[in-house]
Amino acid sequence: MGSGTAVFETIQNPGALPDSSSPFCSECLSSALDLLEILQEESRILKRFAGAELLALVPKKEYIVNELEWKLESVRESGANNFAASDTFKALMGEINKLNTSNGVFIEKSLSYWQDLMGIFMPPSYGPTGKASRRMPSSPRGAAFSREV
């Protein structure tokens, strides 16, 4: 997250932008910064395992992503066939991609953990062929819950 903050601070400094007349600066920069901010908030929420806050953030994230996609497509279709994004904008988009990937991996790993945990308590009742599955053979000692009192 340190490099994201550096990119964010660089972009906040108007002198750091190489070409302020670029369509990327005028059209897409504000949406990209909003998306970076949302992703950083999502990362903080994920670390706290605050599911309700995460669900409240999803519509905002979807809106910003759709807005940015629409703006990028508009810039591309505006006739600037060989438009070039500034290095700062590319760095910002790289940071957005990295943070989004990191959040996605965190969500997938957390979901896998909870699914595995639930699988311990609720084994599948049917196998892949549709027939009733047998109970799993007893686990080696020390690796299973014991009913002994």
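The opening position of the sequence shown corresponds to residue 1 in the numbering used here, with each subsequent residue numbered one higher.
No residue lacks a Cβ here, since even glycine has one placed at the ideal position from N, Cα and C.
The structure displayed is predicted, hence computed values, not measured ones.
Can you tell me the Cβ-Cβ gap for residue i and residue j, rounded? I've got them flagged as a contact below 8 Å.
i: Ile38; j: Lys61; result: 5 Å
i: Leu92; j: Gln40; result: Not confirmed; about 12 Å, so no contact.
Starting from residue i, follow the alpha helix (DSSP H) in both directions and report where the run begins and ends.
i: Ser30; result: Leu29 to Arg48
i: Met118; result: Asp87 to Phe121
i: Ser74; result: Gly51 to Glu77
Using only alpha-carbon positions, find the residue among the options that is nearest to residue i.
i: Glu42; options: Glu67, Met122, Asp116 and Phe106; result: Phe106
i: Asp34; options: Tyr63, Thr129 and Met118; result: Tyr63
Work out the CA separation of residue j and residue i for me, nearest whole Å.
i: Glu67; j: Leu111; result: 28 Å
i: Ser31; j: Ser78; result: 18 Å
i: Gly51; j: Cys28; result: 30 Å
i: Glu95; j: Glu53; result: 23 Å
i: Asn97; j: Val65; result: 12 Å
i: Lys90; j: Lys47; result: 27 Å
i: Leu55; j: Gly104; result: 14 Å
i: Ile45; j: Glu69; result: 24 Å
i: Gln115; j: Ser102; result: 20 Å
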